[in-house]
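Everything in the sequence shown is counted per our numbering, starting at 147 for the first residue and increasing by one.
Cβ atoms here follow ideal geometry from the backbone N, Cα and C, with glycine treated the same way.
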Amino acid sequence: MLYAGILGLLSVLLANQVLFVRIRGEKEEKWRANATERVQANFVENVPLALILLYLFEISVSSKVAVHVFGSWLVLCRLLHAWGMSKYKGANYPRLIGAQGTFLLLSIISMACIYQFFIAN
147 MLYAGILGLL SVLLANQVLF VRIRGEKEEK WRANATERVQ ANFVENVPLA
197 LILLYLFEIS VSSKVAVHVF GSWLVLCRLL HAWGMSKYKG ANYPRLIGAQ
247 GTFLLLSIIS MACIYQFFIA N
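Structural data, given as structure tokens:
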């Protein structure tokens, strides 16, 4: 619940940044405007699935520490991705770490959910 709330607020912030970029129109650098929209789109593509998997993981295991590690990891990765995309033109390490960290987290939680399914049945 904590991470859904934090990421929900981050989603509102990112959506507002897209709105402000569109309002400013031509005053914004082209790459920065595109990056702002991509940050929000990538967030919307990855975070809902990650939160669903995190919730399923949380209700299937007794380790609250693991849930907080994964939740914190997701928040950190999305912040790194957003920061890297908005501050640097082109490829950069914060963007790479944020994106790949999110994909790794999705893979780990997905495998944990599959594992829990077979252990529980």
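Simplified DSSP state of residue i, which is helix, strand or coil
| i | result |
| --- | --- |
| S253 | helix |
| V207 | coil |
| G230 | helix |
| N162 | helix |
| K235 | coil |
| E175 | coil |
With 16 other Cβ atoms within 10 Å as the buried cut-off, status of residue i
| i | result |
| --- | --- |
| A181 | buried |
| G171 | exposed |
| M231 | buried |
| V215 | exposed |
| N192 | buried |
| L153 | buried |
| Q186 | buried |
Integer-rounded CB distance, given that residue j should sit under 8 angstroms from residue i
| i | j | result |
| --- | --- | --- |
| R241 | F189 | Their Cβ separation, rounded to whole angstroms, is 13 angstroms, which puts R241 and F189 out of contact at 8 angstroms. |
| A258 | F203 | 6 angstroms |
| I243 | L226 | 5 angstroms |
| A196 | T248 | 7 angstroms |
Residue i beta carbon near the ligand PLP (any heavy atom closer than 8 angstroms)
| i | result |
| --- | --- |
| C223 | As for the ligand PLP, it is missing from this structure, which has no ligand bound. |
Problem - Contact the segment 205 to 214 vs the segment 156 to 173: 3+ CB pairs below 8 angstroms - result: Judged by Cβ distances under 8 angstroms, the segment 205 to 214 makes no contact with the segment 156 to 173, as fewer than three pairs qualify.
Handout entry: Contact between the segment 239 to 252 and the segment 217 to 227 (3+ Cβ pairs under 8 angstroms)
Key = The segment 239 to 252 is in contact with the segment 217 to 227.
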